[in-house]
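Residue numbering for the sequence shown is 1320 to 1692, as defined by the working numbering.
The C-beta atom is built at its ideal place from N, Cα and C for all residues, glycine as well.
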Amino acid sequence: MRHQLLADGTAMLVEDLFYIDARGSYTQRPEHSGQAYDPDNIGISLGNINVATVTLYPYLKRRFGNTASGQIGYRYRRVEYDNDVGNDQDTKEILASLESGTRFTKLKWGLNYSHRRFEPEDRVRSKFERFVGDIRYPVFKRTYAIGKLGYEQNEYTTQNASDEKEGALWGVGLGWAPSVRTTMEFIAGRRYFGNTKQMMVVHRARRLTVSANYDEDFDSNATLDADAPVFDDQGNPIFPGEGGDLNTEIFLKKTLAAEATYSFPRSSLSGRIFDRKREYTADGTEQDVYGADVYYDWGLGGRTSGRVGVYYRYNSPRVDDKYNDYYGLLSVEHKFAPSVVGIGEYTFLRRDSDNPLGGYKRNRIAATMKFLF
């Protein structure tokens, strides 16, 4: 049975001071990393698993004149999987930040503290604690230097119990902001486990939007499932399928992603490329998923629109065979009334596998009625 449910919102309990964010979802994900990423939410080679998530984030937010602004809060996430209680997990975080205000016209500074605890049921628990300070100072026209310094103290399972899990961290880099629409930052540094890199590029024009980023940090599947998108900007369901095997292990994720959207008068073209690597701390195994998406949306009339899209995924699971997935979509949507939408679509999915028995093809034609309320 297919289902995608999401509820989220923000409430201000004390004006300009005390807020609370809440989010809940009930959706599905592949049970194994070897399952095909199918946006149509159809399990072919292996079954899907239901995922229920709840996130609560009460926080205080305050501006101290033009000197600084700060925020402190506690975030609680709960993730439950319907057929494997052992992988249910609570994630508890204390987050605090303080950053410079408009009074600082040249030197920009920030202080950040985080304390994260991963608490799976009946499994080993993990803790990640970090304090970081950063500064940004102009060195050339529209160019600024970046410096970061901090300390982290962590607890998690590794191959060798003697492996270092705490130490100082630092980073240096450059930023460039040629206009209010464009920002680029590149940072290189070191943490206790080795050299690190960060990259961020954002460009927003009237018709073109481009963004790219690279980041490295520790995480778990449950946290990613709790934050996974459920619907896109048009209200279409998103079926998350790029995760790893269902487990509570900690991994170092290295994510490189870039996306762009160009808007025409009556249509838009969007594309995305990404590469996600996971290095599991407990046994040293790795998983690599990379791919690309391209979608074209256009208006056929006042109430009718169309979409055509393709994507490619390469998945190298930790122990299974390697896979290449190819997907194509052609759909037409018509709004019969403000709250009634009809959709007709054709989709195609093909999987190529190292295993001769692991490949297949799937064709699908569907007619859907969507009611908005």
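Would you kindly work out how many angstroms separate the C-alpha atoms of residue i and residue j, rounded to a whole number?
i, j, result
"R1632", "N1643", "6 Å"
"K1596", "S1539", "13 Å"
"A1507", "R1626", "40 Å"
"K1446", "R1435", "6 Å"
"A1330", "G1384", "23 Å"
"R1442", "L1565", "13 Å"
"G1677", "R1348", "19 Å"
"P1584", "T1528", "15 Å"
"S1364", "P1675", "Summary for S1364: the model assigns pLDDT 49, below 50, so the residue's position carries little reliability; its value from the coordinates is reported in the next sentence. So the alpha carbons of these two residues sit roughly 13 Å apart."
"G1689", "A1656", "Looking at the sequence itself, residue 1689 is Lys, so the reference to Gly does not match. Answer to the nearest angstrom: the Cα atoms are 11 Å apart."
"R1381", "L1571", "33 Å"
"E1418", "V1451", "12 Å"
"W1428", "Y1630", "41 Å"
"F1491", "H1653", "This sequence places Val at residue 1491; Phe is not what is there. Cα-Cα distance, rounded: 52 Å."
"D1673", "N1634", "11 Å"
"T1574", "I1684", "34 Å"
"G1389", "A1415", "8 Å"
"L1324", "V1370", "10 Å"
Given residue i, which residues of its chain have a CB within under 6 Å of its CB, disregarding the five upstream and five downstream residues?
i, result
"T1687", "I1662"
"T1502", "A1496 and V1521"
"G1705", "For the chain, the structure presents residues 1320 to 1692; residue 1705 sits outside this window and is missing."
"A1531", "V1520 and A1577"
"E1568", "Y1599 and A1601"
Mark residue i as exposed unless 16 or more other C-beta atoms lie within 10 angstroms of its C-beta, in which case mark it buried.
i, result
"Y1456", "exposed"
"Q1478", "exposed"
"V1333", "exposed"
"P1439", "buried"
"A1541", "buried"
"G1486", "exposed"
"T1372", "buried"
"G1328", "exposed"
"D1401", "exposed"
"V1608", "buried"
"T1424", "exposed"
Report the partner residues of residue i according to the DSSP bridge assignment.
i, result
"N1369", "Q1347"
"K1446", "R1436 and E1474"
"N1674", "Looking at the DSSP assignment, N1674 forms no beta bridge with any residue, so it has no partner."
"L1324", "Y1345"
"T1329", "D1340"
Residues in the same chain with beta-carbon distance under 7 Å from residue i, minus the five sequence neighbours each way, listed in chain order, please.
i, result
"N1682", "F1667"
"E1664", "L1648, L1649, S1650 and A1685"
Who are the Cβ neighbours of residue i in its own chain at under 8 Å, not counting the five residues just before and after it?
i, result
"R1510", "E1471, G1486 and L1488"
Give a yes or no on whether 9 Å exceeds the smallest Cβ distance from residue i to chain C.
i, result
"A1496", "No chain C is part of this structure, which consists of one protein chain only."
The region 1383 to 1398 touching the region 1411 to 1426, judged by at least three CB pairs closer than 8 Å = Yes, the region 1383 to 1398 touches the region 1411 to 1426.
message = With three or more beta-carbon pairs closer than 8 Å as the criterion, would you say the region 1335 to 1353 touches the region 1364 to 1381?
response = yes
key: At least three beta-carbon pairs within less than 8 Å, the region 1470 to 1484 to the region 1597 to 1606   = yes
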